[in-house]
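Asker: Under this note's numbering, the first residue of the sequence shown carries the number 45, and numbering increases by one thereafter.
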Amino acid sequence: MRVKETGVTGTRFISRLLPISNTCYSNLSDIELLATKLIDPVFCVKDPITNEIAPLKFAIAFNSRLCSQIKKEEVISRVASLVKEPHTVDLTKPDVTIVIEIFKNICGISLVRDFHELKKYNIQLVGQLGRENLASKASQKDEAPIENA
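1. Under a Cβ-count criterion, where at least 16 other Cβ atoms within 10 Å of its own Cβ denotes burial, should C151 be classed as buried or exposed?
2. Ends of the beta strand (DSSP E) at T67?
3. At which residues does the beta strand (DSSP E) containing A105 begin and terminate?
4. Looking at the secondary structure, which residues open and close the beta strand (DSSP E) in which S10 lies?
5. Could you check if A79 is buried or exposed, using at least 16 other CB atoms within 10 Å of its CB as the buried criterion?
6. Rounded to a whole number of angstroms, what is the C-alpha to C-alpha distance between S18 and T94?
7. Using DSSP with H/G/I as helix, E/B as strand and the rest coil, what is R60?
8. Which word fits G54, buried or exposed, when buried means at least 16 other C-beta atoms lie within 10 angstroms of its C-beta?
9. In the DSSP assignment, what residue or residues form a beta bridge with K90?
10. Which of the three DSSP states is assigned to V133 in this structure?
Put into structure tokens, the structure is as follows:
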């Protein structure tokens, strides 16, 4: 989060971080089992006042590299079916993003917040956004009218 505030990335060779909470083999049954294990603690949290499940908006980000046996549509439909009511899909501004990364025969899954706001965890883009925010704040400070006393 400091990168977003300061605009300083502090890295020279890292471009993007891949958030992975847990891994499994890249077959549909293992992916579904792991997704269930990760989804339940996040999407089944009850509001202490109303004792009802608080509705969340979610999206699924899927990326596959060097794996032709798993189809994107199958994985997304299976994982999306694990998230029950009252939660809804929102691809533009989700509360939680389910990140599924497949590389060869390994699948990594994570549930993250602010995935799109943080430019899919691309450190260089977040740093650029921070620098632009700092520059706009500085220009607004310079343009502020000076009152004579």
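In this text, a Cβ means the ideal position worked out from N, Cα and C, and glycines have one as well.
Answerer: Quick look at the numbers:
1. Buried, since its Cβ has 16 or more Cβ neighbours within 10 Å.
2. Annotation: the continuous beta strand (DSSP E) that includes T67 extends over N66 to Y69.
3. Here the beta strand (DSSP E) through A105 covers K101 to R109.
4. Any property of residue 10 remains undetermined from this structure, which presents the chain solely from 45 to 193.
5. Buried, because 16 or more other Cβ atoms sit within 10 Å of the Cβ of A79.
6. Outside the displayed range of the chain (45 to 193) lies residue 18, so it cannot be described from this structure.
7. Judged by DSSP in its simplified three-state form, R60 adopts strand.
8. Classification of G54: exposed, given that the 10 Å Cβ count is below 16.
9. I97, per the DSSP bridge assignment.
10. V133 falls in the strand class under three-state DSSP.
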